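Here's the structure, in structure tokens; my notes come after.
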Amino acid sequence: MKHSTSERVLAYYAVACLIGLLCITGCQQQQKTFKHFVSGVTGLKRHVTLYDASGVVIREWTGMFMVEMNGSVATFIDNGKEVKIAGTYIIEEI
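Numbering (this note's numbering), first residue to last: 345 to 438.
Right under this line is the structure:
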């Protein structure tokens, strides 16, 4: 059974569309996986703010951090020193 050129082109187009659709639906997950990899290797540029119970800023850090979460405690290295914070804090990626 011979297929015409137009049928082959249509089949290739359909396969390309299917692959494109799969890539689009997986893009966000792939981006998240890539970010986790980069964060684990070099850290990401982040801004960390620690607040007291009334919402007043206690301390802020900015730098390339790999943040590890263990329950409600965040741990990261700042200028060679390990910092552990708990309570109310916000970690933003810059």
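By construction, the Cβ of each residue, glycine as well, lies at the ideal position given by its N, Cα and C atoms. Since the model is a prediction, treat every value here as computed from it, not as a measurement.
- For residue 400, same chain residues with a beta-carbon under 8 angstroms away, outside a window of 5 residues either side, do not exist.
- The C-alpha of residue 362 is placed about 40 angstroms away from the C-alpha of residue 434.
- Around the CB of residue 402, fewer than 16 other CB atoms lie within 10 Å, so the residue is classed as exposed.
- Around the C-beta of residue 385, fewer than 16 other C-beta atoms lie within 10 Å, and the residue is accordingly described as exposed.
- By the neighbour-count criterion, in which 16 or more other beta carbons inside 10 Å mark a residue as buried, residue 381 falls on the exposed side.
- Every beta strand (DSSP E) stretch that sits fully inside the segment 363-407 and reaches 3 residues is listed by chain position as 388-395.
- Shown here, residue 418 sits in a strand according to DSSP, grouped into three states.
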